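K.L.:
Right, I'll just put the structure down here and ask away after.
Number of protein chains: 2
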Amino acid sequence: MIEPKTLKGFKDSLPSEEVYRKNLISNIEKTLSLYGYYPIDTPALEYKEILLGKGGDENDKQIFLFKDKGERDVGLRYDLTVPLARFVSQHFNQLTFPFKRYHIAKVWRGEKPQKGRFREFYQADFDIIGTNSLSSDVEIIFLVFDLIRNLGISDFSIKINDRKLMHDIFMALKIETFEKQILSILDKYYKVSEKEILHELESLINSKATIILELVQKARSYDFFDYLKEEFGINKSRLEEVFEFFHKMQLSNFIKLDLAITRGLDYYTGLVFETFINDGLELGSICSGGRYDNLTALFSDITLTGIGGSIGLDRLITYLTEKKPVDESFSNRCLIANFSEKDLPTYFDLAYELRKEGLTVEIYLEPARLKKQFQYAEQKKFRFLLLMGEEEISRHVYKLKDINSGEEQEYENIEKLCSYLKNPQKSTNL
Amino acid sequence: MIEPKTLKGFKDSLPSEEVYRKNLISNIEKTLSLYGYYPIDTPALEYKEILLGKGGDENDKQIFLFKDKGERDVGLRYDLTVPLARFVSQHFNQLTFPFKRYHIAKVWRGEKPQKGRFREFYQADFDIIGTNSLSSDVEIIFLVFDLIRNLGISDFSIKINDRKLMHDIFMALKIETFEKQILSILDKYYKVSEKEILHELESLINSKATIILELVQKARSYDFFDYLKEEFGINKSRLEEVFEFFHKMQLSNFIKLDLAITRGLDYYTGLVFETFINDGLELGSICSGGRYDNLTALFSDITLTGIGGSIGLDRLITYLTEKKPVDESFSNRCLIANFSEKDLPTYFDLAYELRKEGLTVEIYLEPARLKKQFQYAEQKKFRFLLLMGEEEISRHVYKLKDINSGEEQEYENIEKLCSYLKNPQKSTNL
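Sequences listed follow chains A and B, in order. Here the first sequence stands for residues 10 to 439, numbered as in this note's numbering. Here the second sequence stands for residues 10 to 439, numbered as in this note's numbering.
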């Protein structure tokens with residue numbers, strides 16, 4: 010006998026979890042589709058040369074690589090960005106630009122398994138390829154706002170910054186040679202103490218460290234852009250335009266300037282953002298991204314600019330299951346008790362009629378003891394048990410038992426039963 | 010520069026195809042969910058020993074096997090049945106039986122690539138585990154009926170047979186030693202001539218070949234079960250009970266007895282079925298399955314009986330795109346033209362209001378020439394272009410251009426615009 014087990018770092022998804030994930034994904038897809046983003050898909054396996062060398066050595070080590078039967082060097086994708094770059098280069102002539110797509114799919118990384126981190130997980134990416142316009146910067150942030158709101162989350166902030174503006178500031182301060190290091194120190198701003206940040210910056214740029222930290226503070230006040238003009242001679246930046254837009258839209262409560270948001274990855278070149286839920290800050294950012302200018306450079310002569318984001322599905326599931334669990338007790342799902350196999354046509358007829366109205370209805374699949382059927386309904390969190398015994402069938406009535414309250418009620422026809430099941434809260438008098 | 014290409018036997022899915030697949034899958038999931046089937050998921054990778062030896066040598070050769078970084082022998086799943094068996098054995102105590110689940114996911118097989126056959130494709134499986142009741146046989150067939158009907162297909166047949174009954178017939182004819190061979194000859198009934206079938210059967214069971222072929226004919230008439238009683242002494246079989254049920258439900262036009270449906274795979278032990286669309290017979294069966302009695306035997310002491318089916322998603326996509334293409338010209342999708350970046354707040358406000366009403370609205374992301382924006386709308390099959398130029402904004406009107414007809418119309422407020430967009434066919438007078 011073979012021991013039934015999943016691989017180290019991998020796990021099954023049971024119905025309770027998978028229903029939740031599917032609902033979340035479908036909510037996200039609905040919003041994306043209203044914005045005209047279309048789905049694409051790419052193979053789980055790619056040629057090794059497509060995958061390697063895109064995200065540094067550490068990344069390469071985590072890729073599941075092997076030889077297929079044709080001795081080709083292949084690997085499982087570790088993100089959805091490299092496949093997107095390949096996809097856009099390969100199908101360039103078949104796509105309409107600006108190309109707006111989303112891709113929600115699994116990726117694989119041979120990371121050291123940690124609590125809550127697995128070697129197989131979902132990514133949910135959305136991008137606009139082929140325009141550097143203000144509109145595209147604005148749309149991505151607006152889309153993030155709408156995506157999160159549509160999940161029923163109302164207290165959150167999208168923190169924005171711009172790598173290009175940071176570069177201009179570093180130029181003005183003549184510290185641009187340390188750009189990469191400064192950005193990566195600032196990236197730790199919310200993880201370590203301000204003192205530590207200052208200390209690290211000082212060892213790099215001496216007294217200019219305090220200017221940088223002052224700027225991070227100032228960016229939280231409205232006159233920040235005036236200050237940049239006066240002190241640094243930096244005229245209207247893209248970040249200022251984006252910020253003005255959201256001010257006009259009266260969304261300044263949600264969209265916040267934050268120079269400490271720099272994003273770890275090297276490839277960002279413009280606007281960058283991270284999203285935090287105010288009563289779930291410990292999760293970190295639940296939606297991050299930014300503008301990158303060289304998406305297709307590795308695969309094509311045509312270099313395309315892009316901007317996009319990635320939703321942290323697992324973090325969102327953690328938050329939502331805790332803070333906004335679906336109240337399953339109020340479900341109106343119904344189990345038809347199975348008294349005798351000779352009455353199957355009655356059960357199936359009834360189930361068919363109710364399902365046509367969009368109601369979830371099961372027939373218990375064995376003529377078992379009623380107690381067992383009752384337990385099954387409870388375990389699957391069905392609220393109602395429909396009792397169509399010999400007597401009810403001969404009297405042409407529909408007897409419904411509410412599992413929560415224990416109450417039983419008879420209905421004289423399917424229409425009345427159906428109308429109650431569709432809205433059991435509202436009906437007080439039958 | 011790296012050549013952007015997909016692996017041999019693999020392919021990308023472009024938006025036009027992926028939108029179609031997602032709609033199809035979501036339609037199928039909706040029906041399954043109304044029947045109380047819950048989704049599960051399992052990892053793409055499994056231990057080699059879990060995957061090997063389940064479907065014969067030919068099967069094993071097609072599995073993508075390799076060693077991971079921890080020198081573990083692993084492989085990509087080649088179907089969703091073996092993972093289900095492992096899943097049920099592993100999580101036995103967490104599941105509610107009868108366990109009704111579905112699983113729609115990719116599988117990988119290193120087959121020789123042929124036209125329309127790829128090394129990566131979707132399977133869509135649904136099963137009931139843990140009951141051998143008549144109800145469960147009936148439910149699976151009824152579910153297939155409903156799944157296909159809900160896809161808008163109305164002219165189809167589900168052909169049913171029962172391996173157990175076939176066994177009883179072979180016993181009565183004393184040819185049970187040739188059971189496996191006879192079943193596999195009958196499996197070719199619709200692919201080769203009847204003469205060939207007869208010839209193959211004769212070389213195996215001599216004159217009894219004609220009896221078998223006569224039975225195949227007789228099974229298409231109503232007195233078949235009486236005939237079985239009289240000639241073979243076979244009393245009421247499960248297949249007869251299932252058939253009687255569908256007769257009572259007045260579904261005999263859809264559910265047909267057919268002894269030539271035997272299913273290739275060894276593991277079926279009871280009811281088996283295949284589904285054919287009458288104007289798409291060349292596709293073969295679009296939904297097949299049956300009862301198996303030893304699902305978990307390899308992984309557990311507890312042997313569970315199951316019955317399930319698998320939907321041929323790719324075949325259905327081929328059929329539906331040809332026979333029932335979505336009429337995209339009647340779409341009400343709308344592109345807001347971008348005249349100037351200073352008016353972005355107006356565009357985004359408007360888009361937000363329309364999307365709240367469930368309308369798909371894009372803003373063109375650059376203030377480009379109108380001709381270019383118009384072409385974009387046409388390429389993405391948007392029907393409307395909303396023209397909010399300086400004049401329209403100052404006059405507080407909404408000017409909508411119908412791309413099909415070229416007509417332009419002004420609306421005095423968002424409500425009127427929205428109500429027209431929601432139902433452009435019905436409104437004749439504005």
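Using N, Cα and C, we set each Cβ at its ideal position, and we do this for glycine too. Fair warning: this is a prediction, and the values are worked out from it, not measured in the lab.
Can you pull the chain A residues whose beta carbon is under 7 Å from the beta carbon of arginine 110 of chain B, in chain order?
P.N.:
Taking the first residue of the second sequence as position 1, residue 110 of chain B is located at position 101. Correct list: Pro24.
K.L.:
Kindly indicate if chain A contains any beta-carbon less than 7 Å away from that of aspartate 82 of chain B.
P.N.:
Residue 82 of chain B sits at position 73 when you count from the first residue of the second sequence. False, the Cβ-Cβ gap to chain A never drops below 7 Å.
K.L.:
By Cβ distance, which residues of its chain are closer than 6 Å to valine 324 of chain A, with the 5 residues on each side in sequence left out?
P.N.:
As a position in the first sequence, residue 324 of chain A is number 315, starting the count at 1. For clarity, residue 324 of chain A is arginine in the given sequence; the question names valine instead. Excluding sequence neighbours, arginine 324 of chain A sits near Leu292, Ile295.
K.L.:
Is the Cβ of leucine 143 of chain A closer than 7 Å to any Cβ of chain B?
P.N.:
The residue labelled residue 143 of chain A in the question sits at position 134 within the first sequence. Yes, its Cβ sits closer than 7 Å to a Cβ of chain B.
K.L.:
Would you check if the distance between the CB atom of alanine 386 of chain B and the CB atom of valine 370 of chain B is smaller than 7 Å?
P.N.:
Numbered from its first residue, the second sequence carries residue 386 of chain B at position 377. Numbered from its first residue, the second sequence carries residue 370 of chain B at position 361. Contact flag unset, no.
K.L.:
Give the C-beta separation of leucine 280 of chain A and alanine 94 of chain A to the nearest angstrom, bearing in mind that I take them to be a contact with Cβ-Cβ under 8 Å.
P.N.:
As a working mapping, residue 280 of chain A is identified with position 271 in the first sequence. As a working mapping, residue 94 of chain A is identified with position 85 in the first sequence. Actually they do not touch by this definition, with Cβ atoms about 19 Å apart.
K.L.:
For a contact defined as C-beta to C-beta under 9 Å, what are the partners of arginine 126 of chain A on chain B?
P.N.:
The residue given as residue 126 of chain A occupies position 117 in the first sequence. Ordered by position in chain B, no residue passes the 9 Å Cβ test against arginine 126 of chain A, which lies about 15 Å from the chain.
K.L.:
Taking a contact to mean a Cβ-Cβ separation below 7 Å, would you say glycine 315 of chain B touches aspartate 136 of chain B in this structure?
P.N.:
In the second sequence, residue 315 of chain B corresponds to position 306, counting from 1. In the second sequence, residue 136 of chain B corresponds to position 127, counting from 1. Yes, the Cβ-Cβ distance between glycine 315 of chain B and aspartate 136 of chain B is below 7 Å.
K.L.:
Which residues, in order along the region 81-100 of chain A, keep a beta-carbon less than 9 Å from a beta-carbon of chain B?
P.N.:
Arg81, Val83, Leu85, Pro92, Ala94, Arg95, Phe96, Val97, Ser98, Gln99, His100
K.L.:
Since isoleucine 167 of chain A contacts phenylalanine 254 of chain A with CB under 8 Å, what's their CB separation in whole angstroms?
P.N.:
Within the first sequence, numbered from 1, the residue matching residue 167 of chain A stands at position 158. Within the first sequence, numbered from 1, the residue matching residue 254 of chain A stands at position 245. At roughly 13 Å, the Cβ-Cβ gap does not stay under 8 Å, so isoleucine 167 of chain A and phenylalanine 254 of chain A are not in contact.
K.L.:
Taking the alpha-carbon of leucine 379 of chain A as reference, which of A:Glu362, A:Ile372, A:Asn347 has the nearest alpha-carbon?
P.N.:
For this step, residue 379 of chain A is matched to residue 370 along the first sequence. Minimum Cα distance to leucine 379 of chain A is reached at A:Asn347.
K.L.:
Since glutamate 209 of chain B contacts isoleucine 194 of chain B with CB under 8 Å, what's their CB separation in whole angstroms?
P.N.:
Taking the second sequence and counting its residues from 1, the one referred to as residue 209 of chain B is at position 200. Taking the second sequence and counting its residues from 1, the one referred to as residue 194 of chain B is at position 185. With a Cβ gap of about 5 Å, glutamate 209 of chain B and isoleucine 194 of chain B count as contacting.
K.L.:
Does the distance from the CB of leucine 3 of chain A to the CB of threonine 140 of chain B come in under 7 Å?
P.N.:
This structure cannot speak to residue 3 of chain A, because chain A is shown only from 10 to 439.
K.L.:
Can you find the residues in the same chain that come closer than 6 Å, C-beta to C-beta, to leucine 174 of chain A, ignoring five residues on each side of it along the sequence?
P.N.:
If you number the first sequence from 1, residue 174 of chain A lands on position 165. Around leucine 174 of chain A: Ser246, Leu248.
K.L.:
What residues in the region 221-250 of chain B bring their beta carbon closer than 7 Å to a beta carbon of chain A?
P.N.:
none
K.L.:
On the premise that glycine 318 of chain A lies in contact with isoleucine 157 of chain A, defined as a C-beta separation below 8 Å, what is that separation, rounded to the nearest angstrom?
P.N.:
Position 148 of the first sequence, counting from 1, holds the residue named residue 157 of chain A. Position 309 of the first sequence, counting from 1, holds the residue named residue 318 of chain A. Rounded, the Cβ-Cβ distance is 11 Å, inconsistent with contact.
K.L.:
By alpha-carbon positions, which one of A:Lys78, A:Leu74, A:Glu67 ends up nearest to lysine 70 of chain B?
P.N.:
By one-based count along the second sequence, residue 70 of chain B stands at place 61. Minimum Cα distance to lysine 70 of chain B is reached at A:Lys78.
K.L.:
So which residues on chain A does proline 122 of chain B lean against when the C-beta distance must stay under 8 Å?
P.N.:
Counting from 1 along the second sequence, the entry for residue 122 of chain B is found at position 113. Those within 8 Å of proline 122 of chain B in chain A number zero; the least Cβ separation is about 11 Å.
K.L.:
Please classify tyrosine 44 of chain B: does DSSP put it in a helix, a strand, or coil?
P.N.:
The residue you call residue 44 of chain B lines up with position 35 of the second sequence. Note: tyrosine 44 of chain B maps to coil in three-state DSSP.
K.L.:
Do you know how far the Cα of lysine 410 of chain B is from the Cα of valine 28 of chain B?
P.N.:
Counted from its first residue, the second sequence places residue 28 of chain B at position 19. Counted from its first residue, the second sequence places residue 410 of chain B at position 401. When rounded, the distance between both Cα atoms is 26 Å.
K.L.:
Extract the residue ranges of the beta strand (DSSP E) inside the region 24-92 of chain B, only unbroken runs of 3 or more that lie entirely within it.
P.N.:
54-56, 74-76, 82-85
K.L.:
Within 10 angstroms of the Cβ of lysine 109 of chain A, are there 16 or more other Cβ atoms? Answer buried if so, exposed if not.
P.N.:
Numbered from its first residue, the first sequence carries residue 109 of chain A at position 100. Answer is buried; the Cβ neighbour count reaches 16.
K.L.:
Can you look up valine 370 of chain B in the DSSP assignment and give me helix, strand or coil?
P.N.:
Translated into the one-based positions of the second sequence, residue 370 of chain B becomes position 361. Valine 370 of chain B falls in the strand class under three-state DSSP.
K.L.:
Mind checking the region 280-313 of chain B against chain A and listing, in chain order, the residues whose C-beta falls within less than 9 Å of any C-beta there?
P.N.:
Thr305, Ala306, Leu307, Phe308, Ser309, Asp310
K.L.:
Flag this pair as yes or no: are the beta carbons of phenylalanine 130 of chain A and proline 52 of chain B separated by less than 7 Å?
P.N.:
As a first step, residue 130 of chain A is located in the first sequence; it is residue number 121 there, counting from the start. As a first step, residue 52 of chain B is located in the second sequence; it is residue number 43 there, counting from the start. Result no, Cβ atoms of phenylalanine 130 of chain A and proline 52 of chain B do not sit closer than 7 Å.
K.L.:
For a cutoff of 7 Å on Cβ pairs, would you count asparagine 432 of chain B as touching chain A?
P.N.:
Looking up residue 432 of chain B in the second sequence gives position 423. Chain A, which has no Cβ nearer than 7 Å to the Cβ of asparagine 432 of chain B, makes this no.
K.L.:
Run the CB neighbour count on glutamate 240 of chain A, radius 10 Å, all protein chains shown included, and call it buried at 16 or more, exposed below.
P.N.:
The residue you call residue 240 of chain A lines up with position 231 of the first sequence. Classification for glutamate 240 of chain A: exposed.
K.L.:
Can you name, in chain order, every residue of its own chain whose Cβ lies under 8 Å from the Cβ of threonine 284 of chain B, other than the five neighbours on each side?
P.N.:
Your numbering for residue 284 of chain B matches position 275 in the second sequence. Excluding positions up to five away in sequence, the list reads Val153, Ile157, Phe165, Ser166, Ile167, Lys168, Ser294, Ile295, Cys296, Ser297.
K.L.:
In angstroms, rounded to a whole number, what distance separates the CA positions of leucine 268 of chain B and glutamate 366 of chain A?
P.N.:
For the purposes of this step, residue 268 of chain B is identified with residue 259 of the second sequence, where counting begins at 1. For the purposes of this step, residue 366 of chain A is identified with residue 357 of the first sequence, where counting begins at 1. Cα to Cα, the separation comes out at about 36 Å.
K.L.:
Can you tell me which of B:Lys257, B:Leu16, B:Thr90 puts its alpha carbon nearest to the alpha carbon of tyrosine 277 of chain B?
P.N.:
Along the second sequence, read from residue 1 onward, the residue named residue 277 of chain B stands at position 268. Nearest of B:Lys257, B:Leu16, B:Thr90 to tyrosine 277 of chain B, Cα basis: B:Thr90.
K.L.:
Suppose you measure from the CA of isoleucine 320 of chain B to the CA of phenylalanine 73 of chain B; what does that come to, to the nearest Å?
P.N.:
Reading the second sequence from its first residue, position 311 is the one you call residue 320 of chain B. Reading the second sequence from its first residue, position 64 is the one you call residue 73 of chain B. Cα-Cα distance, rounded: 23 Å.
K.L.:
For a cutoff of 7 Å on Cβ pairs, would you count methionine 397 of chain A as touching chain B?
P.N.:
For the purposes of this step, residue 397 of chain A is identified with residue 388 of the first sequence, where counting begins at 1. Closer than 7 Å: no.
K.L.:
Return the residues of the region 166-177 of chain A that lie within a Cβ-Cβ distance of less than 8 Å from chain B, sorted by chain order.
P.N.:
none
K.L.:
What's the C-alpha gap between glycine 45 of chain A and isoleucine 37 of chain A?
P.N.:
Within the first sequence, residue 45 of chain A is the residue found at index 36, counting from 1. Within the first sequence, residue 37 of chain A is the residue found at index 28, counting from 1. Whole-angstrom Cα-Cα distance: 13 Å.
K.L.:
Given a cut-off of 7 Å, decide if glycine 84 of chain B and lysine 57 of chain B are closer than it, judged by their beta-carbon atoms.
P.N.:
Here residue 57 of chain B refers to the residue found at position 48 when the second sequence is read from its first residue. Here residue 84 of chain B refers to the residue found at position 75 when the second sequence is read from its first residue. Yes, the pair counts as a contact, with Cβ atoms nearer than the cut-off.
K.L.:
Can you name the residues that DSSP bridges to histidine 112 of chain B?
P.N.:
The residue you call residue 112 of chain B lines up with position 103 of the second sequence. Per DSSP, B:Asp134.
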